[in-house]
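First comes the structure, then the notes that go with it.
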């Protein structure tokens with residue numbers, strides 16, 4: 005596989021994929037593929053997108069090729085389903101995307117001047133707002149399949165997305181209109197304020213208020229991350245993987261010693277957790293000379309603390 009494998013591009017191009025998907029959806033095709041609808045495929049679009057992110061984080065180009073292909077399949081299936089209903093085709097999707105790329109990049113394809121990446125983001129947001137206003141009043145015909153951007157104006161219907169992503173995008177749009185902290189310090193101060201309110205609600209035993217204040221804390225934490233250049237969904241996915249990896253390691257360490265995690269004290273579990281962290285760090289960084297000399301002794305001696 006090379007960056008300029010034009011022969012492979014011709015042999016395995018989009019046209020071949022379109023034909024394969026059409027065949028899968030044919031009357032004598034695959035029963036599962038034939039049964040799918042736009043709605044039934046929603047979960048797979050989300051799952052495949054997450055798997056692309058995981059492949060990127062893993063730094064495995066071969067895995068990324070596979071996962072990008074799976075995500076592309078979702079696009080092809082939706083286009084084929086729509087084509088069968090006479091609504092739109094993959095060519096319509098491609099044309100709409102190409103037109104949008106040109107329209108959203110007047111600094112590349114036109115005479116608009118930009119001085120920085122921040123200018124590009126502001127220009128992009130302005131163009132999106134103008135497009136939404138242009139679509140207003142066109143009804144369902146324009147809205148159906150016009151997607152690609154989550155609604156951003158007050159009162160618009162929310163798209164199906166994780167609450168983390170929704171909060172992040174709401175904060176981005178508020179910032180574009182000037183409603184934002186000047187720096188991360190202001191966002192952190194707001195987080196501390198929300199944490200104090202959560203503690204007071206918990207102390208009062210007010211369950212409804214605890215839930216409300218907990219939500220405010222999450223929203224404020226996402227805002228801190230945004231100011232630090234961290235996307236909440238990507239960060240939480242990585243944290244989930246890290247916790248799962250270490251938890252499995254704790255279970256493995258306990259099993260090797262004839263123990264069950266549920267029978268251990270909090271202090272014993274904490275020692276196993278720290279051992280799992282140390283083992284993970286050693287795999288990433290490689291052991292020091294001192295660690296290499298003590299590995300065998302540590303293995304015989306049980307917990308490393």
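Numbering (this note's numbering), first residue to last: 5 to 309.
Glycine included, C-beta positions come from ideal geometry on N, C-alpha and C.
- Put simply, of 206, 111 and 137 the residue whose alpha carbon is nearest the alpha carbon of residue 125 is 111.
- With a cut-off of 8 Å on Cβ pairs, the segment 239 to 255 is not in contact with the segment 198 to 213, counting fewer than three such pairs.
- For residue 45, the closest alpha carbon among the candidates 80, 139 and 131 is that of 80.
- If you check the CB distance, residue 84 and residue 48 do not come in under 9 Å.
- For residue 48, the secondary structure class from DSSP, reduced to helix, strand or coil, is helix.
- Non-local beta-carbon contacts of residue 87 in its own chain, meaning distances under 6 Å to residues more than five positions away in sequence, involve 93 in chain order.
- Distance from the Cα of residue 201 is smallest, within the candidate group 216, 235, 277 and 264, for 216.
- Two segments are said to touch when three or more pairs of C-beta atoms, one from each, lie closer than 8 Å; by this definition the segment 223 to 238 touches the segment 188 to 201.
- Pairing residue 129 with residue 177 gives a Cβ-Cβ distance under 9 Å.
- About 6 Å separates the beta carbon of residue 166 from that of residue 237, a gap short enough to meet the 8 Å contact definition.
- With a 10 Å radius around the Cβ and a threshold of 16 neighbouring Cβ atoms, residue 116 comes out exposed.
- Counting the other Cβ atoms within 10 Å of the Cβ of residue 182 gives fewer than 16, which makes it exposed.
- Contact check for residue 30 against residue 38 passes: the beta carbons are separated by less than 9 Å.
- Boundaries of the alpha helix (DSSP H) harbouring residue 173: 167 to 180, taken from the DSSP string.
- Less than 9 Å separates the beta-carbon of residue 284 from that of residue 250.
- Under a 10 Å Cβ-count criterion, residue 89 is classified as exposed, with fewer than 16 other Cβ atoms of the shown protein chains found around its own Cβ.
- Distances from the alpha-carbon of residue 54 to those of 35, 74, 138 and 273 put 74 closest.
- Each residue's CA atom was taken as its position, placing residue 279 and residue 51 some 32 Å apart.
- A distance below 7 Å between beta-carbons, with the five flanking residues on each side excluded, links residue 108 to the following residues of its chain, in chain order: 128 and 131.
- For residue 134, the number of other beta carbons within 10 angstroms of its own is below 16, and it is reported as exposed.
- Collapsing the DSSP output to three states places residue 218 in a helix.
- Here the alpha carbon of residue 240 sits roughly 43 Å from the alpha carbon of residue 32.
- DSSP places residue 247 inside the alpha helix (DSSP H), whose first and last residues are 236 to 260.
- Excluding residues up to 5 positions away in sequence, 59 lie with their Cβ nearer than 6 Å to the Cβ of residue 67 in the same chain.
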